[in-house]
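Chemist: Next up is a structure, given as structure tokens.
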Amino acid sequence: MARRLSELGAQVVICSRKMDMLTKTAEEISAATGNPVYCVAADVRDPEAVRAAMDECEKFVGVPSIVINNGNGCSAYA
5 MARRLSELGA QVVICSRKMD MLTKTAEEIS AATGNPVYCV AADVRDPEAV RAAMDECEKF
65 VGVPSIVINN GNGCSAYA
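Take the position in the sequence shown, starting the count at 1, then add 4; the result is the number in my numbering.
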């Protein structure tokens, strides 16, 4: 989804617990689409981490218009 949204010109921020995987994925998407992709490391099972991730996201692209939860955890905050 992130790649397709980037292809369509959306500003994309991806989030995961593993920054090394995020960086690699962001580089691949950016290379394929020519658009920047931003990374935020966070564990979506942790409410504070989710709040911090959203704050970081806003620094990159402003308030997001679309948020896609593709996390594997189940919580009210994810």
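Beta carbons are placed, not taken as given, at the ideal position from N, Cα and C, and that holds for glycine.
Excluding five sequence neighbours on each side, which residues of the same chain lie with their C-beta closer than 6 angstroms to the C-beta of A57?
Modeler: C19, V44, A46
Chemist: Smallest Cα separation from D50: which of E31, G75, V65, D24?
Modeler: G75
Chemist: Just verifying my parser: in three-state terms, what is the DSSP assignment at S69?
Modeler: coil
Chemist: Quick check on the burial criterion: 16 or more other C-beta atoms within 10 angstroms. Buried or exposed for V54?
Modeler: buried
Chemist: Given 7 angstroms as the limit, tell me if K22 has its C-beta closer than that to any heavy atom belonging to the ligand SAH.
Modeler: You won't find the ligand SAH in this model; it holds no ligand whatsoever.
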